[in-house]
Amino acid sequence: MHDPAVLRSMHVARFHAEPAIFVAPGRVNLIGEHTDYAEGFVMPVAINFATLAGISPRSDGKIVIYSENFGEERAFDAEATPVASKHWTDYPMGVVSILTGEGHKFPGFSLTLWGDVPLGSGLSSSAALEVVTALAVLSLIGASYPGPVLARLCQRVENEFVGANCGIMDQFISANGKENHALLLDCRDLSFRLAPIPANVALVIANTMVKHSIAGGDYPTRRRESEAACAVIASHRPNVPFLRDATLEDLEKWGHEMAPKSLMRARHVISENLRTVAASEALLRGDMKELGRLMAEAHHSYSVDFEGSCVEADAMVALAQDLPGLIGARLTGGGFGGCTINLVEQSQAAAFAEALGARYAAQTGIVPEIHICHASDGAHQLR
Ligand code: GLA
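Numbering (numbering that gives the first Met the number 0), first residue to last: 0 to 382.
If you want it as structure tokens, here you go:
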């Protein structure tokens, strides 16, 4: 994570005011992909890549936002209604918009943003940006929300302001993650359970360098296809409003009424929910072998039934299989590129990362970024 003292210096140099400083992490999902918007289960981990925000009030009625990552400053009238403009400022201004809709009134402020979550890599850089901005602007008016509520508000920023039809996983883990733990979330009622990650297990995150975007076409298409399958089941069993409530037997009975792609998407979502709960139980009892097996099954389902992977991500997973220390590997996040998560024995992690990088570069011609990460705390104030 970047140094908050450096962020402070940047903010003071630019805005001549002492900032309050907040942090919100990115995430990696161990298992449970495209299940969140079906009110199912996910098991993400907050990671030690994060976005920092420094904030101080202004008296000129302006909102001035500077991103060190984009090297760009933008100013807005604090009284005006924010409008989305397909620019990175949509995330912080979307937060202002949604919270204003909740009845809050914000004064002008200066906001400095600086993060090291790789952008567009499936590690939730946008969720980190939303959550950190929400904490920062709420602090200005002495307000706060419980983590799960904050997550829901930040999800609404994506859904209602940015125009990305995502579920709640990313915002939830960024707001509620816990050091050294994975979090099993029930996306229906937002109840969750923490499972410790053994100290001898490393999270090796391998970036395929293939960019993904959840605002792009594939994510909403997959979502629509799986929801169409659910509608077929619901026409027979009205108490199945979401695939969370469906079973594999439902697919056997009524799968023939579905478009073939919809049937495949639903098979992934329904089986993924089962795997995710089983994986959290395996992690809780320390059965890493079973967890690894479930991750392999999950990747296969994500790739073959959901068609959510890509050649490069499949290669990254395949190339990890016989490397010493591997417990489990799969593509993580929204899909169609981004990163794989590899659970690896800590003592082998450095050698694993090096070997995987070399193999991937040799096979694809792309030099990947590989990071050895650990599970970190959710968003909070630093100073
Ligand atoms: C993206 C979305 C999440 C979730 C995942 C897929 O990260 O933001 O809500 O749907 O994809 O599991």
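We put the beta carbon where it would ideally sit given N, CA and C, even for glycine.
Annotated three-state conformation of Trp253 is helix, per DSSP. Closest in C-alpha terms to Gly334, from the list Glu159, Met208, Met9, comes Met208. Every unbroken stretch of the beta strand (DSSP E) spanning 3 or more residues and falling wholly within the segment 27-68 is given here in chain order: 40-56, 61-66. Under the 8 Å Cβ criterion, the segment 128-142 does not count as touching the segment 30-38, having fewer than three qualifying pairs.
For Leu355, the uninterrupted alpha helix (DSSP H) segment begins and ends at 348-363. Here the C-alpha atom of Asp59 lies approximately 17 Å from the C-alpha atom of Tyr65.
Ser120 has its Cβ no nearer than 7 Å to any heavy atom of ligand 1. Three or more Cβ pairs closer than 8 Å define a contact, and the segment 42-49 meets that threshold against the segment 110-117. Counting along the chain, Pro195 sits inside no alpha helix (DSSP H); it lies in the beta strand (DSSP E) bounded by residues 191-195.
With 16 or more other Cβ atoms inside 10 Å of its own Cβ, Val343 counts as buried.
Straight-line spacing of the CA atoms in Gly93 and Ser143 works out to 17 Å. Rounded to whole angstroms, the separation of the alpha carbons of Phe21 and Pro3 is 9 Å.
Annotation for Asn341: the continuous beta strand (DSSP E) segment containing it runs 338-344.
Ala127: member of the alpha helix (DSSP H) spanning 124-139, first to last residue. In the structure shown, Thr207 adopts coil according to DSSP, grouped into three states. In the DSSP assignment, the residues bridged to Leu182 are Leu193. DSSP places Cys229 in no beta strand (DSSP E) but in the uninterrupted alpha helix (DSSP H) bounded by 217-235. A distance criterion of 7 Å places the beta-carbon of Glu32 in contact range of ligand 1, judged by its closest non-hydrogen atom. Going by DSSP, Glu368 is part of the beta strand (DSSP E) stretching over 368-372. Residue range 146-155 is occupied by the alpha helix (DSSP H) that includes Ala150. Distances from the alpha-carbon of Asp89 to those of Ala265, Val161, Ile365, Leu110 put Val161 closest. Where Ser109 is concerned, there is no enclosing alpha helix (DSSP H), although the beta strand (DSSP E) around it starts and stops at 108-114. Each residue's CA atom was taken as its position, placing Ser225 and Pro323 some 37 Å apart. DSSP places Val239 outside both helix and strand once states are collapsed to three, so it counts as coil. In this structure, Asn158 has its CB at a distance of at least 7 Å from all heavy atoms of ligand 1. For Ser96, same chain residues with a beta-carbon under 7 Å away, outside a window of 5 residues either side, are Pro81, Phe160 in chain order.
Residue environment analysis places Val44 among the buried positions, since at least 16 neighbouring C-beta atoms fall within 10 angstroms of its C-beta. Judged by the Cβ position, Ser123 qualifies as a neighbour of ligand 1 at the 7 Å threshold, a heavy atom of the ligand being closer than this.
With a cutoff of 7 Å, Asn28 counts as near ligand 1, since its C-beta is closer than that to a heavy atom of the ligand.
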